[in-house]
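Number of protein chains: 2
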Amino acid sequence: MPDQTIHRRGLMLVLSSPSGAGKTSIARALLQAEPGLAMSVSATTRAPRPGETDGVDYHFLDIPRFQAMLAENAFLEHARVFDHFYGTPKAPVEAALGTGKDVLFDIDWQGTQQLAQNARDDLVAVFILPPSLVELERRLKGRAQDSDAVVQQRMAKAADEMSHWREYDYVVVNHDLATSIRGVQAILAAERLKRDRQVGLADFVNRLRGV
Amino acid sequence: MPDQTIHRRGLMLVLSSPSGAGKTSIARALLQAEPGLAMSVSATTRAPRPGETDGVDYHFLDIPRFQAMLAENAFLEHARVFDHFYGTPKAPVEAALGTGKDVLFDIDWQGTQQLAQNARDDLVAVFILPPSLVELERRLKGRAQDSDAVVQQRMAKAADEMSHWREYDYVVVNHDLATSIRGVQAILAAERLKRDRQVGLADFVNRLRGV
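Residue numbers (this note's numbering), protein chains in the order written: chain L, 1 to 211; chain S, 1001 to 1211.
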């Protein structure tokens, strides 16, 4: 029976990648396989789209509320995209970590940099790469009716995102989806065994040593 | 098909624990399950025992040869136990790591400290703890004919070893052997995906980015 004195602080598992690398499929499989892992829910000031549920897809906030939270330093990371704000509220993440739950983030290198500034010890950052340039181009070209300009824009965005691979702890080249999922699951399992994430080990060891 | 430009530098996986924590069973299972992992073979100046094979159980060296290697700084770690020397020769470990093989070490905290001084970047240090004091005492008491003094000596040695748990990257409390084996396998799989262990990633990403 596990010793009651040891409990685990949760971790923040970040997956970043250029679009088309398979990140979404990996994230979906992880959430299904790992009951102790939950997706981070972002806040946004954009309007809900049909079918989106407040508190599930996003926390939908008005701009004054978002700005008040910004002023209170209540976000782990945030960004403005055109006229809309997006951000990760601190409080629910902190509550999850404190009870030993792990939180999954699907964010880009800019969000990851902010998380690293605000919560480096809790962060496990994984970068997913596509297996080849041919495969990446195939996926970014998407639908046949996309203009060359749109495709070029996607390629440039992917190239920019990939230039930040060195800022991540782990790199998974997604040759094969099942192997990549097992790889990220191993990262999660291993990081849970890191000495620093196990609270109460000092007391536990003292008891083993009879002191 | 995996990209030929990325290859992996091997890692040194250290398992330490007080005796009776299950380390030997975990190591044996790991070596069976992981073809890319080989046990480090120590050198020693003690005489071979019946059934021991030179180069398999130990590299059996005479004292002048061992001391010459010491003088050449040819050991990753070494120790003197009573009249005998023990040590891990650098060259075979370096050869294995260079070709992407991982090497398993069953050494105590003193050996681990020396490995950390000589090869910190290649080191993954795992400490195995017994599940409880009751269980540890049961295992250390061993055979009924052992004197109290012998048992006390074992307990003191275990307590000393356990006082060094903070010097390890990962801590596995061995409640259940199968779970502990899976845990150490996850550590190995995850550490293989660490950015720094994947040689050639920079070139690979540059090609993906078209630069």
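Note that beta-carbon positions come from the ideal geometry of N, C-alpha and C, so glycine has one too.
Residue 204 (chain L) (DSSP reduced to helix, strand or coil): Stepping through the first sequence from its first residue, residue 204 (chain L) is reached at position 204. Residue 204 (chain L): helix per DSSP, three-state reduction.
Opposite residue 1077 (chain S) in the DSSP bridges: which residues? As a working note, residue 1077 (chain S) is residue 77 in the second sequence. BP columns for residue 1077 (chain S) point to S:1088.
By the criterion of Cβ-Cβ separation under 8 Å, what are the contact partners of residue 110 (chain L) in chain S? Taking the first sequence and counting its residues from 1, the one referred to as residue 110 (chain L) is at position 110. Chain S residues near residue 110 (chain L): none, gap ~18 Å exceeds 8 Å.
Should residue 1014 (chain S) be labelled buried (16 or more other beta-carbon atoms within 10 Å of its own) or exposed? Within the second sequence, the letter at position 14 stands for residue 1014 (chain S). So residue 1014 (chain S) ends up on the buried side.
Show which residues of chain S have a CB atom less than 8 Å away from the CB atom of residue 163 (chain L). On the first sequence, position 163 is the one that residue 163 (chain L) refers to. Those within 8 Å of residue 163 (chain L) in chain S are 1205, 1209.
Taking all protein chains shown into account, do 16 or more other C-beta atoms lie within 10 angstroms of the C-beta of residue 147 (chain L), making it buried, or fewer, making it exposed? Walking along the first sequence from the start, residue 147 (chain L) turns up at place 147. Residue 147 (chain L) comes out exposed.
Just reading off the beta strand (DSSP E) that residue 1106 (chain S) is part of, what are its end residues? Counting from one through the second sequence, the residue named residue 1106 (chain S) turns up at place 106. 1102-1106 is the extent of the beta strand (DSSP E) around residue 1106 (chain S).
For residue 1060 (chain S), does the three-state DSSP call read helix, strand or coil? The residue labelled residue 1060 (chain S) in the question sits at position 60 within the second sequence. Correct three-state label for residue 1060 (chain S): strand.
Going by beta-carbon coordinates alone, are residue 1119 (chain S) and residue 1012 (chain S) separated by less than 8 Å? For this step, residue 1119 (chain S) is matched to residue 119 along the second sequence. For this step, residue 1012 (chain S) is matched to residue 12 along the second sequence. Taking 8 Å as the cut-off, the beta carbon of residue 1119 (chain S) is found closer than this to the beta carbon of residue 1012 (chain S).
Just verifying my parser: in three-state terms, what is the DSSP assignment at residue 43 (chain L)? Position 43 of the first sequence, counted from the first residue, corresponds to residue 43 (chain L). Of the three classes helix, strand and coil, the one that applies to residue 43 (chain L) here is strand, per DSSP.
In the segment 1170-1192 of chain S, which residues sit with their C-beta less than 9 Å from some C-beta in chain L, listed in chain order? Listed by position, the residues of the segment 1170-1192 of chain S near chain L (Cβ gap below 9 Å) are 1170, 1171, 1172, 1173, 1175, 1182, 1183, 1184, 1185, 1186, 1187, 1188, 1189, 1190, 1191, 1192.
Measure the Cβ-Cβ separation of residue 31 (chain L) and residue 104 (chain L) and say whether it is below 8 Å. Position 31 of the first sequence, counted from the first residue, corresponds to residue 31 (chain L). Position 104 of the first sequence, counted from the first residue, corresponds to residue 104 (chain L). Going by beta carbons, residue 31 (chain L) and residue 104 (chain L) fall inside the 8 Å limit.
Which chain L residues are close to residue 1006 (chain S), counting only those with a beta carbon under 8 Å from its beta carbon? For the purposes of this step, residue 1006 (chain S) is identified with residue 6 of the second sequence, where counting begins at 1. Contact of residue 1006 (chain S) with chain L by beta-carbon distance below 8 Å involves 173.
Give a yes or no on whether the C-beta atoms belonging to residue 1158 (chain S) and residue 1025 (chain S) are separated by under 8 Å. Residue numbering aside, residue 1158 (chain S) sits at position 158 when the second sequence is read from its first letter. Residue numbering aside, residue 1025 (chain S) sits at position 25 when the second sequence is read from its first letter. Note that the C-beta distance between residue 1158 (chain S) and residue 1025 (chain S) is not below 8 Å.
Determine, using beta carbons only, whether residue 117 (chain L) comes closer than 8 Å to chain S. Within the first sequence, numbered from 1, the residue matching residue 117 (chain L) stands at position 117. For residue 117 (chain L), not one C-beta of chain S is nearer than 8 Å to its own C-beta.
Just by C-beta distance, which residues in the segment 1069-1095 of chain S are closer than 9 Å to chain C? Of the protein chains in the structure, L and S, none is chain C.
If you draw a straight line from the C-alpha of residue 1112 (chain S) to the C-alpha of residue 1093 (chain S), how long is it? The residue you call residue 1112 (chain S) lines up with position 112 of the second sequence. The residue you call residue 1093 (chain S) lines up with position 93 of the second sequence. A straight-line Cα-Cα distance of about 15 Å links residue 1112 (chain S) and residue 1093 (chain S).
How should residue 1198 (chain S) be labelled, buried or exposed, when 16 other C-beta atoms within 10 angstroms of its C-beta is the threshold for buried? Residue mapping note: residue 1198 (chain S) aligns to position 198 of the second sequence, counting from 1. By the neighbour-count rule (16 or more Cβ atoms within 10 Å), residue 1198 (chain S) is buried.
Inter-stretch contact at 8 Å, needing at least 3 Cβ pairs: the segment 1198-1208 of chain S / the segment 1032-1051 of chain S: Segments in contact, no.
Would you call residue 161 (chain L) buried or exposed, if buried means 16 or more other Cβ atoms sit within 10 Å of its Cβ? Counting from 1 along the first sequence, the entry for residue 161 (chain L) is found at position 161. The residue in question, residue 161 (chain L), is buried, as its Cβ has 16 or more Cβ neighbours within 10 Å.
Simplified DSSP state of residue 1037 (chain S), which is helix, strand or coil: As a working mapping, residue 1037 (chain S) is identified with position 37 in the second sequence. Strand.
Given this structure, state the Cα-to-Cα distance separating residue 1035 (chain S) from residue 1102 (chain S), to the nearest angstrom. Locating residue 1035 (chain S) in the second sequence gives position 35, where the first residue counts as 1. Locating residue 1102 (chain S) in the second sequence gives position 102, where the first residue counts as 1. If you take the alpha carbons of residue 1035 (chain S) and residue 1102 (chain S), they lie about 9 Å apart.
Does DSSP put residue 1125 (chain S) in a helix, a strand or coil? The count along the second sequence starts at 1 and reaches residue 1125 (chain S) at position 125. Three-state DSSP puts residue 1125 (chain S) in a strand.
Local Cβ density within 10 Å of residue 1082 (chain S), reported as buried at 16 or more and exposed below that: Walking along the second sequence from the start, residue 1082 (chain S) turns up at place 82. It counts as exposed.
Quick one: which chain S residues come within Cβ less than 9 Å of residue 129 (chain L)? For this step, residue 129 (chain L) is matched to residue 129 along the first sequence. For residue 129 (chain L), the residues of chain S that pass the 9 Å Cβ criterion are 1201, 1204, 1205, 1208, in the order they occur in the chain.
Short of 6 Å in beta carbon distance, which residues of its chain neighbour residue 5 (chain L), apart from the five on each side in sequence? Order them along the chain. Taking the first sequence and counting its residues from 1, the one referred to as residue 5 (chain L) is at position 5. Correct list, in chain order: 200, 203, 204.
If the cut is a Cβ gap below 9 Å, which residues of chain S does residue 198 (chain L) touch? Mapped onto the first sequence, residue 198 (chain L) falls at position 198. Residues of chain S with a Cβ closer than 9 Å to the Cβ of residue 198 (chain L) are, in chain order, 1171, 1173.
Would you mind telling me which residues of chain S sit closer than 9 Å to residue 159 (chain L), beta carbon to beta carbon, in chain order? On the first sequence, residue 159 (chain L) is found 159 positions in, with the first residue counted as 1. Simply 1208, 1209, 1210, 1211.
Member of L:55, L:173, L:154, L:135 whose CA lies at the smallest distance from the CA of residue 126 (chain L): As a first step, residue 126 (chain L) is located in the first sequence; it is residue number 126 there, counting from the start. Measuring C-alpha to C-alpha distances from residue 126 (chain L) to each of L:55, L:173, L:154, L:135 identifies L:173 as the nearest.
Distance between residue 165 (chain L) and residue 122 (chain L) (C-alpha atoms, nearest Å): Translated into positions along the first sequence, residue 122 (chain L) becomes position 122. Translated into positions along the first sequence, residue 165 (chain L) becomes position 165. Roughly 19 Å separates the two Cα atoms.
Using a Cβ-Cβ cut-off of 8 Å, state whether residue 1009 (chain S) counts as contacting chain L. As a first step, residue 1009 (chain S) must be located in the second sequence, where it is residue number 9. Chain L, which has no Cβ nearer than 8 Å to the Cβ of residue 1009 (chain S), makes this no.
Neighbourhood of residue 1170 (chain S) by C-beta, 6 Å cutoff - its chain only, sequence neighbours within 5 removed: Taking the second sequence and counting its residues from 1, one reaches residue 1170 (chain S) at position 170. Around residue 1170 (chain S): 1126, 1187.
Contact belief for residue 1087 (chain S) with residue 1043 (chain S) at Cβ below 8 Å, rounded distance in angstroms: To locate residue 1087 (chain S), count along the second sequence from 1; it is residue 87. To locate residue 1043 (chain S), count along the second sequence from 1; it is residue 43. Their Cβ separation, rounded to whole angstroms, is 5 Å, which keeps residue 1087 (chain S) and residue 1043 (chain S) in contact under 8 Å.
For residue 1 (chain L), does the three-state DSSP call read helix, strand or coil? Within the first sequence, residue 1 (chain L) is the residue found at index 1, counting from 1. The predicted position of residue 1 (chain L) is uncertain, since its pLDDT is 46 and thus under 50; a value taken from the coordinates is nonetheless stated next. Coil.
Nearest residue (CA-CA) to residue 1152 (chain S), options S:1163, S:1145, S:1140, S:1144: Numbered from its first residue, the second sequence carries residue 1152 (chain S) at position 152. For residue 1152 (chain S), the closest C-alpha among the options S:1163, S:1145, S:1140, S:1144 is that of S:1140.
Quick check on residue 65 (chain L): does DSSP put it in helix, strand or coil? For this step, residue 65 (chain L) is matched to residue 65 along the first sequence. Judged by DSSP in its simplified three-state form, residue 65 (chain L) adopts helix.
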